[in-house]
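> Quick one: the structure is below, and I'll ask about it shortly.
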Amino acid sequence: IEDRLSITAEFYTLNNTQANSAKYILLSSEQFSQTIVFDLFPSPLIQTCTLTLKALALSKSFRFLGVWFCLSASSRFVHDQSTSMVKDMAALLSPKKLLAQHVAYLYNVVLLPRLEFRLQTTLFAESTINRIVSPMLSLIRQKAGLASVTPLSALFTLLPFSIQQAFGQFLSSHVASWQKIFFHPSYKNFANYMITYLQGFLDCDACPSSIDLEPWSHTFSLRTHSLFNSLLFSSRLNITWSLLFRPPRKDLRLAIPLWSILPKDLFISMKNVRKRFCTRFLAQLVTPCGSRLLSWKDLRFLKRVSNKGSVPAWFNYLFNLIVISNSLSFFVLPQFRIPNSHTVASISCIDISQNYLFNPQWAISFNRITNSFLVGRVIITYPAPRNEALISHWIASSVDDLLSDFTACQGCASAIPRSSTSKTLIKRYPSEKCFSYVALSTLIRYPTKPRTYIHADTRSVLLSASLGYAKSLLLFHLFALVRPLPMNKQVPGISDIQLPSSVSTFYIDGSFLPLSSHSIPLMAYAWTAINSDGFILKSHYNIIPSLFPSALRSEIFALLHGLDSLPQNSKITVATDCAQLISLWSTYMDTPFIPKMLKESNHLLWFSVQAIISQKSLEVTLIEVPAHADDSLNNHVDDLAKAAHTDSHLSLQSPALLAPCILQFNSLPVDMNIRKFIGDIFDAKNLLTLALLPRFNLNSSISNIDWACTKFCFNNKKLFISYRNGRSEFCAFRIKILLDMLLTLTTLQKRKPHVYDTSWLCPQCNSSPETLDHLWTCPYILPEFSPFNTFKTLLLDLQTVYLDKFLFATPLISLPDFFVAEFMAIDCWDCDPPSPFCLRLARGLIPISLTGFLGTYFSSSIIRSILDAPLHDFHFDLYVQIWLCRSVFFHHWESAQGITNKMKSSAIGPSPISHPSSQISPEFSTPSLATASLDSWVSWVSFYIIRGGSWISHLDFWRRLTVQPLLRISFW
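Take a look at the structure:
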């Protein structure tokens, strides 16, 4: 190093340049950083003869040519970098005079993309990501004027400026990346390698995408594995992967799970073995032939159990349970034998990369003629045509196969004459006297440590694995049935129609009936095949399942079904009146694979079209037929597509997709941009988490709230920007009254009972505790100035504004004469005394009774647009006329009670974060686990796929929502 540094210093001097030695990277294998002084060679070109550099510790990361490296090969440095990035940005923005929406913008647009780039090959668990980004979320709370215990679900759902969920964005990025790898033709070998590698790591014959990965979720080496975590975390969202280039799942029951044969206490006692070594099946504890239990020594060598401590109780119990009594070779009872297709066989072949050279390696061979085994050291290998190896002969010291002691054979009948042995060989290995030539096809590496050497005086050696295990491994290699190679999954044909080769032209059309007139959208397709003479050879029409329904999807399926009906090597012209179909065809079908295609809706259908064209060697040309141009054939196929909706004899046809990677949600194919789809899932989960907070469920059911309309009224960005530049005080006020987190006296009494006496009542009326509901119903000392009168006036004004707007809106059906009377009779307008629904409306929770009544006469978009702005004004009037006045009065009341700012900021006395009335402690207000029935976010997203539109438009399932421990979902 000193020589190179000296040359470098001379080079810089000759070129009249200087180098910043502080940017030099010096690597070290030491655990701690240290300072190294290098003595440069004396030279007239070097002014300073020493150079001091600080060597990086083994665990430190460094950047070289734009890439980050870490000598310890740990992902910890990625975690540390990500944490540092978040903390640095939070520290930078904290003292700045920025609004919450400005901080949220920087968080979404600047920080998250940088973190996504840093984590593009490392995917941490949700809890880890939460801890990494928590400083920025705390800063957003602070800038928005919200308490530190505000539920994150409220932060993601209620704020009028969007805050992206970090884990959802990172997960969608990894899923999209692996989706692209599995689709891209150039990455096919890499995709197969990664799946095969993961399959081998898990010791299973099944494709990792088709099995439950939860048992391996705590394996340390997989905690940040991108592919494993992408499969695992997406499965927790009900997303499954179907890969056509891997075999289907094999039934692992034949491997006999250990929990099924061990007592519960013993199974629990092997927790560390399951966690660290993924040992969960009996198949992992038996020989490759499946008929013998491995010894504890062999299991230690194979790293399926810990190499420390004595034999545990669970293994002794297993031995007594499954091994035949008095069996010296540990043969198991017939009912516990494992098929060799489910056992684990880690076979290493002989290294033949150094033919004709001395390359000692321990091996075992089987002679088919004498039915005998030969253990020894391969000395030299010879390539074709000989395909032989010169091997020394070692004899087992005992007839017990469970031992692994061997002594050098001093000569036997199978040995080659000593005169034909190389003198160099005799000198190099004087302790070995017996050598033989063995065919390479009968040899495998003996399972032992890689550095098991012998010396000149060595007469015996102890190998790592027992002779019995080595024999079983070799016999499995030579005689076990060959496992079938992964074959492409045979996909059933899309069409059962076979057209003649005379077809020259197709007319295709699709028909789409939207949701407004049916319970679900209806899609149908039709095509007509024509020969070169213009005669119709065949016409066909049918209906298709409602999945991401659209007119374009029905057109693509018509094309897909028609092409699959053609014979091989056909040349066809397809006529359609869908300009969008032709545009997408020219973009994606006439060019090689474009990753951008995966962001398009219906990309699975497009890949299926591409696969059919490739398999059948079709030559396809698309031409556009002007719509409504009185083309008889186009009109004919259009009539057929429409007729499919009314034909009761048709059977629903599910498309057999031919894409190499199909993502499914709840068994429904996800034929859209997967990043947007996962984002929608997290939005739905956040809303469900918010709605399941007990504060909304104490006095009445959450099914009485229209959550879609409530979310819309709080998320209107245009309204937020246009009103007073989105001042944080009022924005925080709206969220606090909805969450019942306003700092009323009752809240302060529970948070700081050493400052606020728990016996104190409302300062304005001194008659009741000051809760959130009491704010609007307080009679005050002077009734004419009471907040209750103000509240009633504002609520009646809100009712009048709503009524006027709906009377002048465009209804779906004409309004009856009793519309006004029924509207005013809705229970949310009962304000003297206020009904529970009236108080909920004051908090911003839109009652389902209100939107349900209006839904009879108006569309949901009109209802939400009318309810939005007046509710915002109503809340602002409550904020100005009641809350601000009360705050001024309360401040003077605190001064009269002798309460100072120092007392309020003191930490003396208990200060649990409790909430008044409907509020709860923070550990319950932001639950880490929410239990809900399958009619929750899973149903919303499933109907989003089937019916189209947005997932939030399917929240009518709240009426059937029940809280029960059927599905455990991890939330923020």
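Residue numbering for the sequence shown follows full-length UniProt numbering, beginning at 1 and increasing consecutively. Positions of the beta carbon are idealized from the N, C-alpha and C atoms, including for glycine.
Roughly how many angstroms separate the alpha carbons of F231 and N686, rounded to a whole number?
This sequence places Leu at residue 231; Phe is not what is there. If you take the alpha carbons of L231 and N686, they lie about 22 Å apart.
> Give the straight-line distance between the Cα atoms of R4 and S608, rounded to the nearest whole angstrom.
Roughly 59 Å between the two C-alpha positions.
> Which of helix, strand or coil does DSSP assign to Q164?
In this structure, Q164 counts as coil in the three-state DSSP scheme.
> Could you tell me the boundaries of the beta strand (DSSP E) in which T900 lies?
That residue, T900, is in no beta strand (DSSP E); it is neither H nor E in DSSP.
> Taking buried to mean at least 16 other C-beta atoms within 10 Å of its own C-beta, is G411 buried or exposed?
G411 comes out exposed.
> Is it buried or exposed, S6, if we count other Cβ atoms within 10 angstroms and call 16 or more buried?
Buried, since its Cβ has 16 or more Cβ neighbours within 10 Å.
> Which whole-angstrom value describes the C-beta separation of A415 and Y446, a residue pair presumed to lie in contact below a C-beta threshold of 8 Å?
At roughly 19 Å, the Cβ-Cβ gap does not stay under 8 Å, so A415 and Y446 are not in contact.
> How about I467 and S404: are their beta carbons less than 8 Å apart?
This sequence places Leu at residue 467; Ile is not what is there. Cβ atoms of L467 and S404: closer than 8 Å.
> Around the Cβ of K711, are there at least 16 other Cβ atoms within 10 angstroms (buried) or fewer (exposed)?
Buried: at least 16 other Cβ atoms inside 10 Å.
> May I ask you to list the residues that DSSP assigns as paired with residue 974?
Residue 974 is absent from the structure shown; the chain starts at 1 and stops at 972.
> May I have the straight-line CA-CA distance separating K596 from S221, to the nearest angstrom?
Distance between the alpha carbons of K596 and S221: 33 Å.
> Secondary structure at C289, three-state DSSP: helix, strand or coil?
Of the three classes helix, strand and coil, the one that applies to C289 here is coil, per DSSP.
> Roughly how many angstroms separate the alpha carbons of W68 and S226, rounded to a whole number?
Whole-angstrom Cα-Cα distance: 17 Å.
> Mind checking which residues open and close the beta strand (DSSP E) that includes Q34?
34-39 is the span of the beta strand (DSSP E), which, as asked, contains Q34.
> Can you tell me whether DSSP reads Q31 as helix, strand or coil?
The answer is coil: DSSP assigns Q31 none of H, G, I, E or B.
> What does DSSP give as the partner residues of R63 in its beta bridges?
According to DSSP, R63 bridges with W68.
> So what does DSSP say about F228, is it helix, strand or coil?
Residue state, collapsed to three classes: helix.
> Enumerate in chain order the residues of its own chain whose CB-to-CB distance from M270 is below 6 Å, with the five nearest sequence positions on each side excluded.
If we look at M270 and ignore the five residues flanking it on each side, its Cβ neighbours are W314.
> How would you call H393, buried or exposed, if buried means at least 16 neighbouring beta carbons within 10 angstroms?
Counting Cβ neighbours within 10 Å, H393 comes out buried, since at least 16 surround it.
> Helix, strand or coil for I866? Go by DSSP, reduced to three states.
Reduced to three states, the DSSP call for I866 is helix.
> At the level of alpha carbons, what is the spacing between D400 and F201?
D400 and F201: Cα-Cα distance of roughly 32 Å.
> Determine the DSSP secondary structure at P816, reduced to helix, strand or coil.
It is coil, neither helix nor strand.
> So E624 and A659 are supposed to be a Cβ contact under 8 Å. How far apart are they, rounded?
E624 to A659, Cβ: 27 Å. No contact.
> Are three or more beta carbon pairs between the stretch 499-517 and the stretch 568-583 nearer than 8 Å?
Yes, the stretch 499-517 is in contact with the stretch 568-583.
> Would you mind reading off the limits of the alpha helix (DSSP H) that contains V133?
Where V133 is concerned, the enclosing alpha helix (DSSP H) stretches over 126-143.
> Can you tell me whether S148 is buried or exposed? The criterion is at least 16 other CB atoms within 10 Å of its CB, across all chains shown.
By the neighbour-count rule (16 or more Cβ atoms within 10 Å), S148 is not buried but exposed.
> Determine the closest residue to C409 out of N387, F435, S398, L402, with distance taken between C-alpha atoms.
When only C-alpha atoms are compared, the closest one is F435.
> Could you check the C-alpha separation between residue 1018 and T744 for me, to the nearest Å?
The first residue shown for the chain is 1 and the last is 972, placing residue 1018 beyond what the model contains.
> Using DSSP with H/G/I as helix, E/B as strand and the rest coil, what is M741?
Looking at M741 - three-state DSSP - the assignment turns out to be coil, as it is neither helix nor strand.
> Under three-state DSSP, which class holds V625?
Looking at V625 - three-state DSSP - the assignment turns out to be coil, as it is neither helix nor strand.
> With respect to the alpha helix (DSSP H) encompassing C713, which residues constitute its N-terminal and C-terminal limits?
It spans 707-714 - the alpha helix (DSSP H) in which C713 sits, taken as one unbroken run.
> Going straight from the alpha carbon of S814 to that of I612, what length do you get?
If you take the alpha carbons of S814 and I612, they lie about 52 Å apart.
> Determine the closest residue to S860 out of R886, I899, L812, with distance taken between C-alpha atoms.
Considering only alpha carbons, the answer is L812.
> So if DSSP puts A529 in a beta bridge, which residue, or which two residues, is it bridged to?
Paired residue(s): F506, K538.
> Check each candidate in F228, D88, H218 and name the one with the smallest Cα separation from M194.
Taking only the C-alpha atoms, the option nearest M194 is F228.
> Secondary structure at E619, three-state DSSP: helix, strand or coil?
Strand, per DSSP.
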